[in-house]
Amino acid sequence: MALRKKGFLTKEELLASKCYPSEKRMSEGPVAVIECNEEIPCNPCEVACKFQAISIGNPITNAPILDENLCTGCGLCIARCPGLAIFVIDKTYSEKEGLISFPYEYLPLPLTGSIVESVNREGKVVSSGKVIKVLNSKSLDRTPVVTIAVPKDKLDEVRGIKRLERNDSK
Amino acid sequence: MYEKEVVVIGGGPSGLSAAVEAAKRGAKVLLVDENLRAGGQLFKQIHKFFGSSAHKAGVRGIDIAVDLLEQARVHGVEIWLNSVAVGLFKDKKVAIKRTFEDKLEKLEIIQAKKIVIATGASENAVRFRGWTLPGVMGAGAAQTMINVNRVLPGERILMIGSGNVGLIVSYQLLQAGAEVIAVIEAAPQIGGYGVHAAKIRRAGVPIYTSHTILEAKGEKYVEEAVICEVDNKWQPISGTEKVLKVDTITIAAGLKPLTELAMMHDCQCSFIPQLGGWVPLHDKNMESTSPGIYLVGDVAGVEEANTALEEGRLAGTSITETLNYISTEEAERLKKEIWQRLNELRMGPFGEGRMLAKSNILEECKASNC
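So the sequences go chain by chain: A and B. For the record, in the first sequence the residue sitting at position 84 is 83 according to numbering that gives the first Met the number 0, with numbers rising by one throughout. For the record, in the second sequence the residue sitting at position 2 is 1 according to numbering that gives the first Met the number 0, with numbers rising by one throughout.
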């Protein structure tokens, strides 16, 4: 599996893991994508979802399973996952663009409205993107959630942004 | 010479939770820690923990530390900071170099009824030409510098080791503003969790499996690292050398239990590579082969914070049982719950090696009449 050797999951591996929503569901509105398919003892995502769309059960090493029909794409789970492995994708944003929300624990945070470079699971720049929303409330416990708009056909690839220049004095 | 009921050596997650568990049931506990603040590794763990959400999963290590310290205060645990346990003698006598507020140092000898050794583990070295150049350090040391002291050890980092420590510290180095040039791993696959690897790959950090470091170069400090590929016998493959411009080389090649005090008191040990090396044997109450001496956390086998917290609770509970602060029935019930959680934390492909090693410890301990 690419994860063990390269450190990221390929789309094929994700599709095989029961956590990738169907195209049909993605065409209906925002939905969560959980990129976690290893047996680790961990279950905060199950508890985070108000709609009980994520199940892990017993033992807690089970990989999470998403019920795409219960999921509303609200994004509450994004900041709760200790592995930062949950994203929310919205393919219905506009005709040409879609939205991806992801956890972003770096400084500086991007500014709403700014243009950023979106990256894929290997950290390679895929497209430019516009920052639509940056959430950093206390309830997120210091895991800000950033939402960017990118070309729709890149949504299955994009999983973050290139980190921004820091202004620290060195 | 003082007399104390329970002495806990080491104020990390396992020691603190043992102290709290014993103190809240009425035992008089003294906790000793060599640092200026108790909390052990927890104050470096700025990330959210995995595990069961019923037991602090999703909470950052630093917040767990603050909560534990508060519990220790509330339950009246006596704490000596900046104080080192320098010897453990038969029978249950601890020698502590105590430093007072005014910097006065005194050697105190304490006769304890029960002792908990929670001394943790230390980082392994990986030796290569140039390893003594300034800029080469343990990944744990780098983590202390960035998360506790808020200082960058360098700006261009090479991380050796792709277990969870290597992956997490690489992520935290990025958060602190350093550039992680690469993570290298001698084995053909990444050692830590896929989600940890994915986080740093998204940030553009390459992970080179089947690679090792040949040399660190530089005049007065690290300026370059030479890495190369290794074959399936771990031998360097000539012609595959790569030079990386780095100023810091952090080593995350495992930890080994700090067993000196246990050995001083003749606690029987076994060599268990899965758990870090020489590990003192313990029974299901976390009691060693030396009656009245308990072992918890990384010293009892290198695992993680969650298991350390549970083992501490287990020892604390067992101690209050033997000191008659709780009934055997109550103790059995509590211990059963803790063991269920420990087993849960040791499940799955990442835990099963430790699960087996830990049950071997219990077997060996039983065989030597614990």
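All C-beta atoms in this analysis are idealised placements derived from N, C-alpha and C, irrespective of residue type, glycine included.
Residue environment for Lys5(A): buried (at least 16 other C-beta atoms within 10 angstroms of its C-beta).
The three-state secondary structure of Tyr170(B), taken from DSSP, is helix.
By the criterion of a C-beta distance shorter than 7 Å, Phe50(A) is surrounded in its chain by Leu69, Cys70, Thr71, once the five residues flanking it on both sides are discounted. With a minimum length of 3 residues, the unbroken runs of beta strand (DSSP E) contained wholly in the stretch 119-168 of chain B fall at 120-122, 135-137, 155-159. Taking 8 Å as the cut-off between beta carbons, the residues of the stretch 197-226 of chain B near chain A are Ala197, Lys198, Ile199, Arg200, Arg201, Ala202, Gly203, Val204, Ile206, Thr208, in sequence order. In the displayed model, Lys153(A) falls within a helix according to three-state DSSP. When CB distances to chain A are screened at a threshold of 9 Å, the residues of the stretch 46-58 of chain B falling below it are His46, Lys47, Phe48, Phe49, Gly50, Ser51, Ser52, Ala53, Ala56, Gly57, Val58, in chain order. With contacts defined as CB atoms closer than 8 Å, Ser100(A) and Gly128(A) fail to qualify as a contacting pair.
With a cutoff of 8 Å on beta-carbon distance, Ser117(A) and Ile88(A) are scored as not near each other. Comparing alpha-carbon positions, the option among Pro256(B), Glu222(B), Leu257(B), Ile292(B) lying closest to Val242(B) turns out to be Glu222(B). At a cut-off of 8 Å between C-beta atoms, Cys76(A) does not count as an interface residue with respect to chain B.
Val145(A) and Lys132(A) have their C-alpha atoms spaced approximately 6 Å apart. Using beta-carbon distances, Ala84(A) counts as an interface residue toward chain B, with a partner under 8 Å.
Interface annotation, Met144(B): not in contact with chain A, CB-CB separation never under 8 Å. Of the residues assessed, Gly75(B) falls on the exposed side of the cut-off, its CB having fewer than 16 other CB atoms within 10 angstroms. Interface criterion not met: the Cβ of Lys153(A) is under 8 Å from no Cβ in chain B.
Between the C-alpha atoms of Ile8(B) and Ile114(B) there is a straight-line separation of about 8 Å. At a cut-off of 8 Å between beta carbons, Gln188(B) contacts chain A. Under the 8 Å criterion on CB atoms, Met158(B) is classed as non-interfacial with respect to chain A. The shortest C-alpha to C-alpha distance from Lys102(B) to any of Asn81(B), Gly119(B), Met262(B), Ala94(B) is the one to Asn81(B).
Of the residues assessed, Asp246(B) falls on the buried side of the cut-off, its CB having 16 or more other CB atoms within 10 angstroms. Not flagged as an interface residue toward chain A: Gly60(B), since no C-beta distance is shorter than 8 Å.
Following the DSSP letters along the chain, one finds Glu184(B) inside the beta strand (DSSP E) bounded by residues 178-184. The Cβ of Gly134(B) sits no closer than 8 Å to any Cβ of chain A. Under the Cβ criterion (8 Å, minimum of three pairs), the stretch 51-59 of chain A does not count as touching the stretch 163-179 of chain B. Per the DSSP secondary-structure output, Val229(B) pairs in a beta bridge with Pro235(B).
Rounded to the nearest angstrom, the gap between the Cα atoms of Ile114(A) and Val130(A) is 6 Å. Counting the other Cβ atoms within 10 Å of the Cβ of Thr131(B) gives fewer than 16, which makes it exposed.
Within the same chain, Ala94, Lys96 come within 7 Å of Leu106(B) by CB-CB distance, once the 5 residues on both sides are set aside. Under the 10 Å beta carbon count, Ala26(B) is surrounded by 16 or more other beta carbons and is classified as buried. For Pro272(B), no CB of chain A lies under 8 Å from its own CB, so it is not counted at the interface with that chain.
A buried status is given to Trp79(B), since no fewer than 16 other beta-carbon atoms sit within 10 Å of its beta-carbon. Here the stretch 287-302 of chain B lies against the stretch 266-276 of chain B, with 3 or more beta-carbon pairs under 8 Å apart. Sixteen is the threshold: since fewer than 16 other Cβ atoms of the shown chains lie within 10 Å of the Cβ of Pro107(A), the residue is exposed. Gly311(B) carries a helical assignment under DSSP once its states are collapsed to helix, strand and coil. For the pair of segments examined, the stretch 114-125 of chain B was found to touch the stretch 248-261 of chain B: the number of CB pairs separated by less than 8 Å reaches three.
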